[in-house]
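S.K.:
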Amino acid sequence: MSDDLDLTEYLSHGGKLSSPDNAPPRYRGELMRLMATFVDSELAGAAGFADVINAGPGIKERIAASRIVFEKLVNADRVLKIMGDFGADTGRYVNHHPWAARLPRDADIGASRHGGDMRLSVFHYPIDGWTDAVVMNVLMGRATAIQLDEFAHGSYQPLAEAFRAILPTEVRHAELGLEGLRMLVLTAEDRAAARASAAYWRPRVAASFGSAGSARYDTLRRFGLRRTPNDVLAERWRGEIAELLDELGIAPETGTEEGSRA
Amino acid sequence: MAHFYPLSVTEVRHDTRDSVVVTFEPRPEDRERFGYVQGQYLTFRRAFDGEELRRSYSICAGRAENRLRVGIRKVEGGCFSGWANEELKVGDVLEAMPPTGNFHTPIEADRARRYLGFAGGSGITPLLGIVRTVLAEEPRSSFTLVYGNRSINTIMFREELEDLKNQHLGRLSILHVLESEDPDGGLFSGRLDRDKCRALFGRWIDVAHADLAFICGPEPMMLAVAETLKEHGLDDRQIKFELFASGQPGRARRAAAAAKPAATDQTCTATIVLDGTAVTLTMPKGGQTVLEAAKAANIDAPYACTAGVCSTCRAMVVEGEVEMEANYALEDYEVRRGYVLTCQSRPVSDKVVIDYDR
Chain D
1 MSDDLDLTEY LSHGGKLSSP DNAPPRYRGE LMRLMATFVD SELAGAAGFA DVINAGPGIK
61 ERIAASRIVF EKLVNADRVL KIMGDFGADT GRYVNHHPWA ARLPRDADIG ASRHGGDMRL
121 SVFHYPIDGW TDAVVMNVLM GRATAIQLDE FAHGSYQPLA EAFRAILPTE VRHAELGLEG
181 LRMLVLTAED RAAARASAAY WRPRVAASFG SAGSARYDTL RRFGLRRTPN DVLAERWRGE
241 IAELLDELGI APETGTEEGS RA
Chain L
1 MAHFYPLSVT EVRHDTRDSV VVTFEPRPED RERFGYVQGQ YLTFRRAFDG EELRRSYSIC
61 AGRAENRLRV GIRKVEGGCF SGWANEELKV GDVLEAMPPT GNFHTPIEAD RARRYLGFAG
121 GSGITPLLGI VRTVLAEEPR SSFTLVYGNR SINTIMFREE LEDLKNQHLG RLSILHVLES
181 EDPDGGLFSG RLDRDKCRAL FGRWIDVAHA DLAFICGPEP MMLAVAETLK EHGLDDRQIK
241 FELFASGQPG RARRAAAAAK PAATDQTCTA TIVLDGTAVT LTMPKGGQTV LEAAKAANID
301 APYACTAGVC STCRAMVVEG EVEMEANYAL EDYEVRRGYV LTCQSRPVSD KVVIDYDR
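Here it is in structure tokens:
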């Protein structure tokens with residue numbers, strides 16, 4: 001036990017680990033959980049997005065959507081390999097859950113986990129057509145970029161390196177989404193549809209940052225796996241998104257956004 | 001799942017009073033499997049008094065040498081390291097997993113990079129492999145190695161480092177920092193702490209122009225070095241850490257006590273330990289899993305797949321007996337030590353104690 005305590009101190013002061021052999025049990029559990037959250041979200045995100053490839057209005061859009069699906073799977077594989085170093089059966093892992101499964105559009109699960117996987121709650125909601133997919137991709141893409149940037153400083157060096165390599169691809173996905181979205185807000189009617197989607201997804205993506213003052217954040221911070229509180233990251237995202245939606249002319253009209261999760 | 005292969009000992013050389021350098025040879029058919037990258041390590045297993053122990057030791061040879069050579073320093077009370085230092089001999093066969101580890105960066109032959117290395121005690125072993133590889137394969141790069149030890153007698157690979165330095169004059173510089181030699185000896189005596197690093201970085205080492213830094217040693221030393229490197233302009237991406245030895249207990253741990261035969265009672269008193277807090281609850285036998293019971297009691301136990309695949313929910317059965325339905329993630333030796341996947345485990349005995357902290 002004293003080994004663990006010393007190591008926790010080391011980790012909370014910026015020390016890094018580079019192999020499973022040195023990971024204390026509780027650290028291992030939290031690290032695995034963090035990796036599973038990423039892998040499951042990528043697998044579920046890719047599965048959900050795969051369904052809308054054919055809804056793309058033109059070949060360019062379909063190429064962009066396929067690329068996003070492809071790269072999310074590559075990114076999932078990358079982190080899953082690290083879980084494999086800790087003993088996870090990577091072959092079975094990919095098939096242990098129906099990643100395309102979704103809840104009804106009007107379900108309300110807040111930030112809670114659901115079913116047998118660790119995907120972020122936002123990936124339990126179904127996408128409703130092309131515009132909706134693009135809006136979701138932009139909002140969640142920006143959130144992912146902010147969250148990955150946080151994890152890229154984590155204390156498990158192989159994972160931090162994987163996230164640093166993954167980050168630019170996820171940033172690019174959000175950019176591809178934004179390019180697509182600009183083409184979808186040219187008329188008042190289109191803007192209304194995009195605005196409705198943004199109003200639907202915004203609180204759900206916001207919930208993926210977790211709650212302010214979360215006990216898990218404190219644990220992860222102690223282990224050097226986090227350093228910026230949930231609410232600070234969420235606020236950063238809200239600022240970016242507010243500006244973006246405003247620029248696109250699809251900011252929510254006051255009082256129209258549903259729910260108060262954010 | 002990890003596989004072990006036999007390696008035979010081809011050379012045992014006593015390096016210092018308490019360390020030994022051992023060279024291994026794989027079977028011809030395993031040779032490819034045992035290819036390695038500089039800075040990686042081998043994990044050995046051996047039974048001591050019926051208890052399997054696993055220990056990892058860094059490969060201290062360069063990549064192109066293709067020699068499985070490790071340095072083993074005797075740890076106080078250490079079963080494996082003591083045995084390796086005193087009894088291991090040429091011709092013995094040990095079981096090892098193929099090389100693994102992430103303490104390396106890709107070699108880029110045409111680049112001229114400046115490397116810094118910081119080793120404390122036996123932390124020199126992976127660094128020696130890295131130094132050798134860089135010198136051999138990146139001919140325009142240079143390496144500065146800072147090596148901390150208790151005293152001159154405990155310096156591992158002392159002569160070998162000296163030879164390397166002479167062989168690569170101008171490309172390899174080595175600064176020894178010794179704890180017990182001449183306490184007032186100035187810059188090169190004492191511990192590798194923050195003050196020592198600041199003093200060295202001010203005068204002797206140009207951190208601002210360094211490309212990469214590798215650190216391997218005890219935790220306080222690694223923190224001190226990393227922090228001071230960052231003060232001098234390096235960032236996380238440029239600093240590679242390898243923590244060794246301290247995470248490994250010196251003696252074999254005892255396996256969970258044998259369970260008493262199950263009684264007829266249909267409920268079980270389960271004590272679940274997480275983050276040093278024990279919660280006792282009553283749960284039906286053969287019904288909920290340990291993880292489900294923990295979650296129902298608002299215990300924030302780690303888990304992910306709940307399918308016996310990922311091993312996030314691993315915990316140790318300290319007392320009593322559980323039945324594990326599926327296990328695709330834990331290895332036999334972990335199960336023998338008492339580890340279970342709590343998402344797949346249901347109590348069989350009247351009382352169980354499950355510890356997530358172990």
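In order, the protein sequences belong to chains D and L.
Heads up, the first sequence is in my numbering, so the first residue is 1 and it goes up one at a time.
Heads up, the second sequence is in my numbering, so the first residue is 1 and it goes up one at a time.
Note that CB positions come from ideal geometry on N, CA and C, so glycine has one too.
Small disclaimer: the values here were computed from a predicted structure and weren't measured.
#1: Assign residue 286 (chain L) to one of three DSSP states: helix, strand, or coil.
#2: Tell me whether the beta-carbon of residue 100 (chain D) lies closer than 9 Å to the beta-carbon of residue 50 (chain D).
#3: Pairs of beta-carbons, one from the segment 332–342 of chain L and one from the segment 96–115 of chain D, closer than 8 Å: are there three or more?
#4: Which bits of chain D does residue 103 (chain L) rub up against, with CB to CB less than 9 Å?
#5: Give the residues of chain L in contact with residue 93 (chain D), contact being defined as C-beta atoms less than 7 Å apart.
#6: Tell me the start and end of each unbroken alpha helix (DSSP H) in the segment 55–115 of chain L that is at least 4 residues and wholly inside, in chain order.
#7: Which runs of the alpha helix (DSSP H) fall wholly inside the segment 266–314 of chain L and span at least 4 residues, in chain order?
#8: For residue 86 (chain D), go through chain L and note every residue whose CB falls closer than 7 Å to its CB, in chain order.
#9: Have a look at L:217, L:207, L:222 and flag the residue whose alpha-carbon is nearest the alpha-carbon of residue 232 (chain L).
#10: Do the segment 88–102 of chain L and the segment 35–54 of chain L make contact, defined as three or more Cβ pairs closer than 8 Å?
#11: Cβ of residue 126 (chain D) less than 9 Å from any chain L Cβ?
#12: Taking any Cβ of chain D, which residues in the segment 90–121 of chain L have a Cβ under 8 Å from it, in chain order?
#13: Residue 187 (chain D) to residue 132 (chain D), Cα distance in whole Å?
#14: Any C-beta of chain C sitting closer than 9 Å to the C-beta of residue 333 (chain L)?
#15: What residue from D:7, D:163, D:42 has the CA that sits closest to residue 27 (chain D)'s CA?
#16: Got a sec? Which residues, its chain only, sit under 6 Å from residue 358 (chain L) by beta carbon, not counting five neighbours each side?
#17: So residue 373 (chain L) and residue 125 (chain L) are in contact, right, with Cβ under 8 Å, and what is the actual spacing, rounded?
#18: If you reduce the DSSP assignment to three classes, tell me which class residue 217 (chain L) lands in.
#19: With respect to the beta strand (DSSP E) encompassing residue 144 (chain D), which residues constitute its N-terminal and C-terminal limits?
#20: Which residue marks the beginning of the alpha helix (DSSP H) containing residue 38 (chain D), and which one marks its end?
#21: Please report whether the beta-carbon of residue 241 (chain L) lies at a distance below 9 Å from any beta-carbon of chain D.
#22: Please confirm whether residue 56 (chain L) has its beta-carbon closer than 9 Å to some beta-carbon of chain D.
#23: Which of helix, strand or coil does DSSP assign to residue 49 (chain L)?
#24: I want to know whether the segment 158–176 of chain D touches the segment 126–144 of chain D - three or more CB-CB distances under 8 Å.
#25: Just the Cα atoms here: how many angstroms apart are residue 199 (chain D) and residue 123 (chain D)?
#26: Residue 153 (chain D) touches chain L at which residues, Cβ-Cβ below 9 Å?
#27: Thinking C-alpha only, which one of D:249, D:69, D:59 is nearest residue 196 (chain D)?
#28: Could you check what DSSP says for residue 240 (chain L) in three-state terms: helix, strand or coil?
M.R.: The answer reads as follows:
#1: For the purposes of this step, residue 286 (chain L) is taken as the residue at position 286 of the second sequence. Residue 286 (chain L): coil per DSSP, three-state reduction.
#2: What you label residue 100 (chain D) is simply residue 100 of the first sequence in a count that begins at 1. What you label residue 50 (chain D) is simply residue 50 of the first sequence in a count that begins at 1. Against a cut-off of 9 Å, the Cβ pair of residue 50 (chain D) and residue 100 (chain D) comes out as a contact.
#3: no
#4: Sequence index remark: in the second sequence, residue 103 (chain L) carries index 103 (1-based). What residue 103 (chain L) touches in chain D: 18, 19, 157.
#5: For the purposes of this step, residue 93 (chain D) is identified with residue 93 of the first sequence, where counting begins at 1. Those are 305, 309, 310, listed as they occur along chain L.
#6: Listed in chain order, the alpha helix (DSSP H) elements of length 4 or more contained wholly in the segment 55–115 of chain L are 79–86.
#7: 290–296
#8: Reading the first sequence from its first residue, position 86 is the one you call residue 86 (chain D). 311, listed in chain order.
#9: Taking the second sequence and counting its residues from 1, the one referred to as residue 232 (chain L) is at position 232. Of L:217, L:207, L:222, the residue nearest in Cα terms is L:207.
#10: Contact holds: three or more Cβ-Cβ distances are below 8 Å.
#11: The count along the first sequence starts at 1 and reaches residue 126 (chain D) at position 126. Output row for residue 126 (chain D): interface = no.
#12: Cβ contacts with chain D: 100, 101, 102, 103.
#13: Numbered from 1 along the first sequence, position 187 holds the residue referred to as residue 187 (chain D). Numbered from 1 along the first sequence, position 132 holds the residue referred to as residue 132 (chain D). Each residue's alpha carbon lies about 16 Å from the other.
#14: No chain C appears in the structure shown, which is made up of the protein chains D and L.
#15: Position 27 of the first sequence, counted from the first residue, corresponds to residue 27 (chain D). Ranking D:7, D:163, D:42 by Cα distance to residue 27 (chain D) puts D:7 first.
#16: Working through the second sequence from its first residue, we reach residue 358 (chain L) at position 358. Result list for residue 358 (chain L): 316, in chain order.
#17: Given that chain L is displayed from residue 1 to residue 358, the structure contains no residue 373 (chain L) and the question cannot be resolved.
#18: The residue labelled residue 217 (chain L) in the question sits at position 217 within the second sequence. In the displayed model, residue 217 (chain L) falls within a strand according to three-state DSSP.
#19: The sequence position of residue 144 (chain D) within the first sequence is 144, counting from 1. Note, residue 144 (chain D): premise wrong, no beta strand (DSSP E); alpha helix (DSSP H) at 129–151.
#20: For the purposes of this step, residue 38 (chain D) is taken as the residue at position 38 of the first sequence. Residues 25–50.
#21: Taking the second sequence and counting its residues from 1, the one referred to as residue 241 (chain L) is at position 241. Answer yes: the Cβ-Cβ gap between residue 241 (chain L) and chain D drops below 9 Å somewhere.
#22: Start at 1 with the first residue of the second sequence, and residue 56 (chain L) comes out as number 56. Under the 9 Å criterion on CB atoms, residue 56 (chain L) is classed as interfacial with respect to chain D.
#23: Taking the second sequence and counting its residues from 1, one reaches residue 49 (chain L) at position 49. Note: residue 49 (chain L) maps to coil in three-state DSSP.
#24: With the cut-off at 8 Å, the segment 158–176 of chain D and the segment 126–144 of chain D touch.
#25: The residue you call residue 199 (chain D) lines up with position 199 of the first sequence. The residue you call residue 123 (chain D) lines up with position 123 of the first sequence. Answer to the nearest angstrom: the Cα atoms are 16 Å apart.
#26: Locating residue 153 (chain D) in the first sequence gives position 153, where the first residue counts as 1. The contacting residues are 236.
#27: Counting from 1 along the first sequence, the entry for residue 196 (chain D) is found at position 196. Per the C-alpha coordinates, the member of D:249, D:69, D:59 positioned closest to residue 196 (chain D) is D:249.
#28: Sequence index remark: in the second sequence, residue 240 (chain L) carries index 240 (1-based). If DSSP states are grouped into helix, strand and coil, residue 240 (chain L) belongs with the strands.
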